[in-house]
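Under our numbering, residues 3 to 247 are what the sequence shown spells out, in order.
Don't be surprised by glycine CBs; every beta carbon is placed ideally from N, CA and C.
Predicted model, so just to flag it, every value in this text is computed and none were measured.
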Amino acid sequence: MTRERSERRVEAEPGGAGKRALTLRERQAEQVRRELRSQFIRLVTERGVDGFTFQDLASAAGVSTRTLYRYFPNREAIIESLMDNEARELDRELLREAGSLTTFDTNPDLVASTFEVFDKHAQLVHAARILGVTGFDGRKREDRTTLVRQVIAETDGIDAATVEQLAGLVRLLLGSETWSRLREADINLDAREAGYAVHWAVQVLIRAAVGVAGPLRPRVVSGASSAAEGAVSTRAQGSEVSRED
Numbered sequence: 003m004t005r006e007r008s009e010r011r012v013e014a015e016p017g018g019a020g021k022r023a024l025t026l027r028e029r030q031a032e033q034v035r036r037e038l039r040s041q042f043i044r045l046v047t048e049r050g051v052d053g054f055t056f057q058d059l060a061s062a063a064g065v066s067t068r069t070l071y072r073y074f075p076n077r078e079a080i081i082e083s084l085m086d087n088e089a090r091e092l093d094r095e096l097l098r099e100a101g102s103l104t105t106f107d108t109n110p111d112l113v114a115s116t117f118e119v120f121d122k123h124a125q126l127v128h129a130a131r132i133l134g135v136t137g138f139d140g141r142k143r144e145d146r147t148t149l150v151r152q153v154i155a156e157t158d159g160i161d162a163a164t165v166e167q168l169a170g171l172v173r174l175l176l177g178s179e180t181w182s183r184l185r186e187a188d189i190n191l192d193a194r195e196a197g198y199a200v201h202w203a204v205q206v207l208i209r210a211a212v213g214v215a216g217p218l219r220p221r222v223v224s225g226a227s228s229a230a231e232g233a234v235s236t237r238a239q240g241s242e243v244s245r246e247d
């Protein structure tokens with residue numbers, strides 16, 4: 003048995019019809035690329051765009067500079083590879099969550115689970131902000147915007163012009179920038195708490211658009227934040243009583 007045939011036998015993976023299994027050498031090369039991309043993301047988030055050299059990156063990944071240049075001749079090549087791999091994975095997960103969106107009134111966990119996806123890929127998203135690269139929320143943001151627009155359009159009492167305005171605001175609230183701001187130390191909400199807060203804000207916007215008066219009670223979550231949310235709910239209830247009086 004030849005070496006190449008042996009490699010294919012050892013590394014064969016189940017795949018679709020006509021899909022060739024990668025050889026051991028090819029899989030090892032992809033592991034090196036993946037490690038280089040991972041270390042690039044880490045170094046960008048820790049040191050900034052200009053805070054490290056290619057030698058630093060090679061050392062962090064445990065390869066020679068020559069090997070690094072063989073895979074990625076420049077930083078633009080690494081970023082492009084990130085867009086084709088890690089960003090696509092993030093995109094698939096975000097679309098999977100958005101695909102279950104039916105209404106903003108009854109599905110608060112949807113936003114929370116979306117923010118948990120950002121948590122899972124936190125270094126990638128932060129690196130994108132530092133690099134000034136758009137598209138790390140996934141390459142199909144327009145698909146998610148369309149889903150949001152469709153859900154809002156199905157709400158009774160909202161005209162077409164308002165649908166467009168709300169869709170823009172809601173997509174902004176559901177994006178990684180909002181997630182990042184709410185996760186910062188001075189606010190310090192975890193992903194699920196931040197998701198519930200955004201879901202509450204979206205409800206307020208939509209109800210205001212259809213003319214439903216009165217504040218909405220934020221979703222109560224477990225832990226220390228429950229007391230704070232309970233206080234908000236209590237104040238809201240007191241305000242409602244005052245108006246009735």
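Boundaries cannot be given for I189, as no alpha helix (DSSP H) includes it and DSSP labels it neither H nor E. In this structure, the alpha-carbon of V150 lies about 17 Å from that of E179.
Under the three-state reduction of DSSP, E91 is assigned to helix.
Annotation: the continuous alpha helix (DSSP H) that includes R36 extends over 26-49.
With fewer than 16 other Cβ atoms from the protein chains shown falling within 10 Å of its own Cβ, V135 counts as exposed. The C-alpha of Y73 is placed about 14 Å away from the C-alpha of S40. Here the alpha carbon of R185 sits roughly 13 Å from the alpha carbon of Q125. For G159, the CB contacts under 6 Å within the same chain, skipping 5 residues up- and downstream, are V212 in chain order. Annotated three-state conformation of A63 is helix, per DSSP.
With the rule of 3 Cβ pairs closer than 8 Å, the stretch 153-168 does not count as touching the stretch 189-197. Linking E48 to L97 through their CA atoms gives a straight-line distance of about 29 Å.
Going by DSSP, V212 is part of no alpha helix (DSSP H) at all; its letter is neither H nor E. Per DSSP, the unbroken alpha helix (DSSP H) holding D111 starts and ends at 110-122. By the Cβ-count criterion, V127 is buried, with 16 or more other Cβ atoms from all chains shown falling within 10 Å of its own Cβ.
With respect to the 8 Å criterion, W202 and F117 are not classified as neighbours on the basis of their beta carbons. Contact between the stretch 51-63 and the stretch 82-89 is absent: fewer than 3 CB-CB pairs across the two stretches fall below 8 Å. Between F120 and I80, the C-beta gap is not smaller than 8 Å, which leaves the two residues out of contact. Under a 10 Å Cβ-count criterion, V153 is classified as buried, with 16 or more other Cβ atoms of the shown protein chains found around its own Cβ. Secondary structure of I154 (DSSP, three-state): helix.
Boundaries of the alpha helix (DSSP H) around G170: 162-176.
Taking all protein chains in view, the Cβ of L174 is surrounded by fewer than 16 other Cβ atoms within 10 Å, so the residue is classified as exposed. By the neighbour-count definition (other C-beta atoms within 10 Å, threshold 16), P110 is a buried residue. In the three-state scheme derived from DSSP, where H, G and I count as helix and E and B as strand, V135 is classed as coil.
A Cβ-Cβ separation of about 6 Å places I208 in contact with T157 under the 8 Å criterion.
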